[in-house]
Each structure stands twice: as structure tokens, then as C-alpha cells.
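All residue numbers for the sequence shown refer to the UniProt record's numbering, where the first residue is 1 and numbers rise by one.
Glycine residues also receive a C-beta, built at the ideal position from the N, C-alpha and C atoms.
This one's a predicted model, so the numbers in the text were calculated from it and none came from an experiment.
These notes concern the structure reproduced below.
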Amino acid sequence: MNFELNKSIEILERTPKVYSALFYNANYDWDKINEGIGTWSAYNIVGHLIHGEKTDWIPRAEIILGDNQNKTFEPYDRFAQEQLYSSRTMDELLSEFETLRNQNIKKLHSWNLSESDLNKEGIHPDLGSVTLRQLISTWTIHDIAHLNQISRVIVKHYAEDIGPWKKYTTLLNS
1 MNFELNKSIE
11 ILERTPKVYS
21 ALFYNANYDW
31 DKINEGIGTW
41 SAYNIVGHLI
51 HGEKTDWIPR
61 AEIILGDNQN
71 KTFEPYDRFA
81 QEQLYSSRTM
91 DELLSEFETL
101 RNQNIKKLHS
111 WNLSESDLNK
121 EGIHPDLGSV
131 TLRQLISTWT
141 IHDIAHLNQI
151 SRVIVKHYAE
161 DIGPWKKYTT
171 LLNS
């Protein structure tokens, strides 16, 4: 296994800063670029991340660690951001994401998780039994996967303009 809690926390702590570096106070509408109908822009992704901070990662960890016999998670609405955050600016979303993530990381640290804690289980509505270790690993990968998604969207946005360099741009050739 490759999971180490401190390594995951290191990534989770940095994610809001990466998004802010890319999009905070940006002059161009980088946050609105997507891959077409039914796809997400950076704006949609940050809204999705906020919703996850509020209703997914830490709330599910609390279920796993809690004393309640029922360890079943509430279903997660992966598209809730479309209604919840559509009237907000990207800068407002970035600020809220950073605040929520910082609060959640503090809570994660405060638990002083043991190996035994990381092996505790909850019940995902679709996946069945999952451990806290798997939940935190997924949270970490989820952040990185969305950064990859945003990179791909921006790369494709310029695809027609790079001429023969397309040959060397692996994101365009995969």
C-alpha cells in the first residue's frame, strides 16, 4: 500500500492554493472553458469541490469514526454545484473552498488517527463497505484528478493554435 496520511494531507492542504494560483483574479475567462456540452469547467469543478467539503469527505469520515451503529453514507449529489453556486464569482468560490478545506484539514488533524481508525468502515450507497483509509485516499486522488481535468481542458483550448508542436503535446495525443 502507498497510503500515508501525512502525504495525503500535504496534497489536500495545497489544492486550494493551486486553484487560486491558476484562477484567482484572472483577467481571462479561464474558469469557464470546458470540453463541450455536459462537461465541466474549472468554475464547475471548484463548486463541486466546495460541495464535497460540506457533504462528502469529512461528513463521511465522521460517520465512520462515530458511535452510531448505522454507518451508511448519504448519497452524494455530484452535480449539486450547478444549482448551489451558479450565482457566485470564481473568486468567491475559491475563497470559500480554501476556508472549508482549511477547516476540514484542522478537523482531520484533530482526530489523531491511528491505524485502527484508518481501517474502520462505513457503507457507501453504491460501493458497499469502504475504509477510512480508502475514503481519504479517494479524497486525495479526487483533488489531483480534477487538476488533471482542468489542465486537459486548457490544453485542448489551445490545440488548434500550437501548430506542429501538437506532435509533442501528450495530453493532445492520448
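- Message: Could you tell me the alpha carbon to alpha carbon distance between residue 73 and residue 169, rounded to whole angstroms?
- Response: Computed Cα separation, rounded: 41 Å.
- Looking at the unbroken alpha helix (DSSP H) that takes in residue 128, where does it start and where does it end? Counting along the chain, no alpha helix (DSSP H) covers residue 128; the unbroken beta strand (DSSP E) around it starts and ends at 128-131.
- Sort 60, 77 and 99 by Cα distance to residue 70 and report the nearest one. Distances from the alpha-carbon of residue 70 to those of 60, 77 and 99 put 60 closest.
- Kindly indicate which residue of 42, 128 and 28 has the alpha-carbon position closest to the one of residue 152. That would be 42, whose Cα lies nearest to the Cα of residue 152.
- Mapping DSSP to helix, strand and coil, what is residue 9? DSSP, read as helix, strand or coil, puts residue 9 in helix.
- Task: Return the residue from the list 138, 34 and 24 that minimises the CA-CA distance to residue 56.
- Result: Comparing Cα-Cα distances from residue 56 to each of 138, 34 and 24, the minimum goes to 138.
- Task: Kindly list the residues whose CB is nearer than 7 Å to the CB of residue 9, restricted to its own chain and excluding five residues on each side of it in sequence; keep chain order.
- Result: For residue 9, same chain residues with a beta-carbon under 7 Å away, outside a window of 5 residues either side, are 105 and 108 in chain order.
- Task: Specify, as a first and last residue, the run of the beta strand (DSSP E) that residue 52 falls within.
- Result: Per DSSP, residue 52 lies in no beta strand (DSSP E); the unbroken alpha helix (DSSP H) holding it starts and ends at 42-55.
- Sort out for me which residues DSSP pairs residue 122 with in a bridge. Residue 122 is bridged to 130.
- residue 175 versus residue 95: straight-line alpha-carbon distance, rounded: Residue coverage of the chain in this structure runs from 1 to 174, which leaves residue 175 outside it and unanswerable.
- Message: Quick check: what's the CA-CA separation for residue 32 versus residue 78?
- Response: For residue 32 and residue 78, the distance between alpha carbons rounds to 18 Å.
- Thinking C-beta only, is residue 11 closer than 8 Å to residue 154? Not closer than 8 Å, so no.
- If I'm right that residue 146 touches residue 45 with Cβ under 8 Å, what's the distance once you round it to whole angstroms? Contact between residue 146 and residue 45 holds, with the beta-carbon distance rounding to 5 Å and staying under 8 Å.
- Separation of residue 164 from residue 62, as counted between CA atoms: Cα-Cα distance, rounded: 52 Å.
- Item | Span of the alpha helix (DSSP H) around residue 99 | For residue 99, the uninterrupted alpha helix (DSSP H) run begins and ends at 90-110, by DSSP.
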